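Chemist:
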Amino acid sequence: MPPMEIDGFILHPGALTPDAQSILVEAVLAAAEIAPFYAPLTPWGKPMSVQQTSLGPLGWVTDKSGYRYADRHPVTGRPWPPMPQSLLDLWARYADPERPPDSCLVNLYRGEARMGLHTDSDEADLGAPVLGISLGDTAVFRLGGPGRKDPTRSVRLASGDINLLTGAARRAHHGVDRILAGSSRLIPGGGRINLTLRRARR
Ligand code: SIN
Ligand code: MN
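Residues 0 to 201, numbered by numbering that gives the first Met the number 0, are exactly what the sequence shown covers, in order.
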C-alpha cells in the first residue's frame with residue numbers, strides 16, 4: 000500500500016512482510032531474555048500499563064526522578080542489548096541514512112494496556128525523526144497537534160506498519176487508546192509490540 004501523510008506523520012502500511020515481522024519479534028524476544036520487560040513507574044509513582052525494555056546504546060526510562068535516557072537497564076543494571084542490524088537498516092531506509100538511531104524503546108501492550116497522550120521531547124534534537132514499528136495486535140493510535148487540547152484523529156496501526164513523526168508532527172501529541180486484542184497471532188501470548196527508534200543525543 001502507498002504511504003500516507005498527515006502534516007509530517009507518515010504511515011507506511013505493511014512495510015514489513017510477515018516473515019520480516021516474525022524474524023523481528025524473535026530477535027526482540029531473545030533480547031528481552033537478557034533485558035527483561037518491566038513495568039515502568041511514572042514520575043507520579045504509578046506503574047505504566049505497558050511493559051518496556053530497550054535496545055541500543057540508550058534506553059528511555061521513567062521513575063520518580065522523571066523521564067530520561069539511560070545506558071543501563073534499571074532492573075538488571077546491565078547495558079541494553081544491541082539493536083539488530085535490520086532495525087538500523089529500516090531507519091536508514093525510512094528515516095535518515097546520514098544519522099543512525101541510538102535508542103530503540105520496546106513497548107509491550109497486553110490486555111488493557113494503553114499509552115496516554117504525550118509528546119516525545121526527551122531527545123536533544125527534536126528535528127531528528129522518530130520511527131515506530133508496529134508488531135502484533137492492531138493499535139488504535141491517536142494523533143493530535145502540538146497543543147494538548149488540539150483536535151485529534153484516530154489512526155489504526157497494524158502489524159508490519161512503519162510510522163514516522165517528522166516535521167510538524169515531531170512535536171505532536173500522540174498516544175495509544177487501546178489494542179484490538181486477537182487481531183494478530185504474531186506474538187506468542189498475544190498483544191502488541193511497538194518499537195520506537197530515536198536519536199536521543201546529538
Ligand atoms: C509511544 O508513542 O511511545 C508509543 C506509540 C505506539 O505504541 O505506537
Ligand atoms: Mn511517543
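All residues carry an ideal CB built from backbone N, CA and C; glycine is no exception. Just so we're clear, the structure is a prediction, and the values are computed from it rather than from any experiment.
1) In the DSSP assignment, what residue or residues form a beta bridge with G65?
2) Terminal residues of the continuous alpha helix (DSSP H) containing I5?
3) Could you tell me the boundaries of the alpha helix (DSSP H) in which R92 lies?
4) Report yes if the C-beta of M3 is less than 8 Å from at least one heavy atom of the ligand SIN; otherwise report no.
5) Among I22, W90, L54, which one has its Cα closest to the Cα of H11?
6) My assumption, with CB atoms under 8 Å, is that Q50 sits in contact with A38. Please give the rounded CB distance.
7) Under the assumption that G135 contacts G174 (Cβ atoms under 8 Å), give the Cβ distance between them as a whole number of angstroms.
8) I'd like the list of long-range same chain contacts for L57, defined as Cβ closer than 8 Å, with 5 residues on each side in sequence excluded.
9) Would you call the region 81-88 and the region 38-47 in contact, with 3 or more CB pairs under 8 Å?
10) Spell out the partners DSSP gives L196 in its beta bridges.
11) Find the nearest neighbour of S53 within the set D124, P96, D160, A26, judged by alpha-carbon distance.
12) Does the Cβ of H11 lie closer than 8 Å to at least one heavy atom of the ligand SIN?
13) Is the beta carbon of D95 closer than 9 Å to that of A127?
14) Measuring alpha carbon to alpha carbon, tell me which residue in L185, R170, Y108 is nearest L125.
15) Using alpha carbons as the reference points, say which of R197, R152, Y108, K63 lies closest to I186.
16) Would you report the Cα separation of R92 and L130, rounded to the nearest angstrom?
17) Ignore the nearest five residues each way along the sequence and tell me which others in L116's own chain have a CB closer than 8 Å to its CB.
18) May I ask you to list the residues that DSSP assigns as paired with G135?
19) Using CA atoms only, rank isn't needed, just tell me which of M0, T118, G159 is closest to G66.
Modeler: In terms of the structure at hand:
1) D62
2) Note, I5: premise wrong, no alpha helix (DSSP H); beta strand (DSSP E) at 3-5.
3) 84-93
4) no
5) W90
6) 6 Å
7) About 18 Å; that fails the 8 Å criterion.
8) Y68, A69, D70, W79, D101, S102, A199, R200
9) no
10) C103, L130
11) A26
12) no
13) yes
14) R170
15) Y108
16) 11 Å
17) R141, G143, R147, T151, H172, H173, G174
18) R191
19) Gly is not the amino acid found at residue 66; the sequence shown has Tyr there. Taking only the C-alpha atoms, the option nearest Y66 is T118.
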